[in-house]
Amino acid sequence: MQFEWTTFILEILNFLVLLWILQRFLYKPITAMLEARQLQTKTEINKAQVMLLEADSLRVEYEQKLLDWSLEQDESRRHLGEELLQLRREGLDSLKNSFDVEISKLNAQNQALMVAKQTLLVQEAASNAYSNVSLMLQRITSLDLTLKIVDVLLEDLLQLSDSQRVTLELAVNTPGFDGNVLLLSAHPLDEGTCLRINTALCEVTGKLLFINNKVDDQLIAGVRVIVGECELNANLADELAFFRRQENHV
Amino acid sequence: MSHVATASKNLFKIGEIGISPTIVTTWGVMLLFILIVCFWNLRIVRYGYFKTAIEGIFITIEAAVAEVLPSVMVRRVLPFVATIWLFVLLSNLIGLIPELHAPTSDLSATTALAVLVFLSTHWFGIREHGLKQHLKHYIEPSFILLPFHIISELTRTLALAIRLFGNMMSLEMASLLVVAIAGFLVPIPLLMLHVIEAVVQAYIFGMLALIYIAGALESQSFISTKESTV
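Respectively, the protein sequence lines represent chains L and H.
Once you know that position 205 of the first sequence is 187 in my numbering, the rest is easy, because the numbers rise by one and skip nothing.
Here my numbering runs 58 ahead of the position in the second sequence, where the first position is 1.
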């Protein structure tokens, strides 16, 4: 157990030299390597954390997008349902309207057809009635009736209105009128009756006229006087025809 | 006994300076470290078991230091403490080789290491807090305690030196006595004990050095904290 200053000092020096060598060539490289590794690890961890954050962000974003899409889908589905319902309503309304229009058209057509049919029936009935009346009148007619109608004609001639009288005068005064008057009668007339008619016409027109009598059994009873372009009807056939025309107009 | 006896004899002289076996063994230990360092720094050596082992030892020491010191001080103190640990460990273990003398069984070497620990404690304290603040803690909490602080510093340094020297020297002597008495195979368990003892003593020496340094650093922190609170 001896103490030597030389060994003591040399040990200190040796230790310091060893400390410097180890510090310079071992500790520093190892420390640098560890720090580089730690830095690399930190960098990798940071990258991983950034990636994780990005992944989380993307996940949240995509979840939000999915949610938005889902909401949009629901909204679109609801909107589509409403549109379909609206279209259905509109279609039904349109169909109903068109049906109503068609029904009204058909009703109108039906009504028109019925009216037409009714009119035709009325006309046919009237025609048949007139025909039957005509046949019946032809069976019951006689010369006396014709003469009575001639009397009525003569009375009417004397009571003509001014316009009727002017019309008659214009017919008589028409250029080319030769004064011959055609007298159609249902029955043959005697001379006296023809003269009476001629006299009455001459008085009314103020002209000299000549009666030419012919028999026309279509007249049933009565006469038809043709003065130029003017006709004086006083017979049952024309009366019935008049009523038939009136009925047709109605 | 011959080892212990020859430990104080000079093997040769460089000029007027006598070189003892302790110094030569220390140089051998240093050479071993230099070889390890060279091997580490060779670029042709791939990263394998060797480099992993060195790195593992370094990380283990760093973790041990980090448990005692604040994290900002670890890298500053680590080279000294790691060198203490590695040097003492290898110096202890070198005694297992026949005809070689463990430097740590020489009082001059252990005293040198203890003095280095003593100086490093003040070096780190002054470097961290300044001379005035570092010396101030010797009169805290009262000026009366200054002698006790000084005695404490000296005795713990002395204890550090004597502890290592005493353990290693006694271990070597015990080994030699067993070998001398029992013969060839009997000392093997004792040699295993030598290995354990070498590791334990290296750990104790390094840990005490670390605790002394931490004490110097933390006592200043305590004073600073106390002053700031007052």
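Just so it is clear, CB atoms sit at the ideal spot from N, CA and C, and this is done for glycine as well.
Note that the structure is a prediction, hence the values are computed from the model and not measured.
L218(L) in three-state terms, based on DSSP: Position 236 of the first sequence, counted from the start, is the residue given in the question as residue 218(L). In the three-state DSSP reduction, L218(L) falls in the helix class (H, G or I).
Separation of M88(H) from N99(H), as counted between CA atoms: What you label residue 99(H) is simply residue 41 of the second sequence in a count that begins at 1. What you label residue 88(H) is simply residue 30 of the second sequence in a count that begins at 1. So the alpha carbons of these two residues sit roughly 16 Å apart.
Span separating the alpha-carbon of D160(L) from that of Q93(L): Residue 160(L) sits at position 178 when you count from the first residue of the first sequence. Residue 93(L) sits at position 111 when you count from the first residue of the first sequence. Cα to Cα, D160(L) sits roughly 55 Å from Q93(L).
CA-to-CA distance, Y9(L) to I115(H), given in whole angstroms: Within the second sequence, residue 115(H) is the residue found at index 57, counting from 1. Within the first sequence, residue 9(L) is the residue found at index 27, counting from 1. One C-alpha to the other measures close to 11 Å.
Identity of the residues DSSP links to V192(L) by a beta bridge: Working through the first sequence from its first residue, we reach residue 192(L) at position 210. One point to set straight first is that residue 192(L) is Phe, not Val, in the sequence displayed. For F192(L), which the question treats as bridged, DSSP gives the partners N162(L).
Where the beta strand (DSSP E) containing V207(L) begins and where it ends: Position 225 of the first sequence, counting from 1, holds the residue named residue 207(L). Counting along the chain, the beta strand (DSSP E) containing V207(L) begins and ends at G204 to V209.
Nearest candidate by alpha-carbon position, reference G174(L), set A168(L), G188(L) and N195(L): Here residue 174(L) refers to the residue found at position 192 of the first sequence. Of the candidates A168(L), G188(L) and N195(L), the one whose C-alpha sits nearest the C-alpha of G174(L) is N195(L).
Reference L144(H), options G273(H), E276(H), F263(H) and I271(H), closest by Cα: Numbered from its first residue, the second sequence carries residue 144(H) at position 86. Of the listed residues, the one whose Cα sits closest to L144(H) is F263(H).
Test: Q46(L) CB closer than 9 Å to a CB of chain H: Counting from 1 along the first sequence, the entry for residue 46(L) is found at position 64. No, Q46(L) does not count as interfacial toward chain H.
Helix, strand or coil at K87(L) according to DSSP, with G and I counted as helix: Taking the first residue of the first sequence as 1, we reach residue 87(L) at position 105. Looking at K87(L) - three-state DSSP - the assignment turns out to be helix.
Beta carbon proximity, T13(L) to chain H, threshold 9 Å: Residue mapping note: residue 13(L) aligns to position 31 of the first sequence, counting from 1. True, the Cβ-Cβ gap to chain H drops below 9 Å.
L135(L) vs L218(L) beta-carbon contact at 9 Å: Sequence index remark: in the first sequence, residue 135(L) carries index 153 (1-based). Sequence index remark: in the first sequence, residue 218(L) carries index 236 (1-based). Not closer than 9 Å, so no.
Residue interval of the alpha helix (DSSP H) (run including K130(L)): Within the first sequence, residue 130(L) is the residue found at index 148, counting from 1. That run of the alpha helix (DSSP H) goes L125 to L140.
Short CB-CB distance (under 9 Å) between W85(H) and chain L: Within the second sequence, the letter at position 27 stands for residue 85(H). W85(H) counts as touching chain L.
For K190(H), the first and last residue of its enclosing alpha helix (DSSP H): By one-based count along the second sequence, residue 190(H) stands at place 132. Counting along the chain, the alpha helix (DSSP H) containing K190(H) begins and ends at L189 to K194.
Straight-line Cα distance separating P199(H) from I345(H): The question about residue 345(H) has no answer, for chain H in this structure spans 59 to 288.
Coil, strand or helix - F70(H) by DSSP: Here residue 70(H) corresponds to residue number 12 of the second sequence, with the count starting at 1. Strand at F70(H).
With 16 other Cβ atoms within 10 Å as the buried cut-off, status of T118(H): Walking along the second sequence from the start, residue 118(H) turns up at place 60. It counts as exposed.
Span of the alpha helix (DSSP H), counted from its first residue to its last, around I3(L): Your numbering for residue 3(L) matches position 21 in the first sequence. Start and end: W(-13) to L4.
Sub-9 Å separation of L292(H) and V82(H) beta-carbons: Shown here, chain H extends from 59 to 288; a query on residue 292(H) therefore has no answer.
Given 8 Å, three or more beta-carbon pairs between the segment 154 to 166 of chain H and the segment 66 to 80 of chain H: yes
Neighbouring residues, chain L, relative to M88(H) (Cβ below 8 Å): In the second sequence, the residue the question calls residue 88(H) occupies position 30. Residues of chain L passing the Cβ test: N(-4), V(-1), L0 and I3.
Chain-ordered residues of the segment 24 to 35 of chain L with a beta carbon less than 7 Å from chain H: When C-beta distances to chain H are compared with 7 Å, every residue of the segment 24 to 35 of chain L stays at or above that value.
Chain H contact for L53(L) (CB, 9 Å cutoff): Numbered from 1 along the first sequence, position 71 holds the residue referred to as residue 53(L). Among the residues facing chain H, L53(L) is not included, as its CB has no counterpart in that chain under 9 Å away.
Validate contact between the segment 174 to 182 of chain H and the segment 33 to 50 of chain L using beta carbons, cut 8 Å, 3 pairs: no
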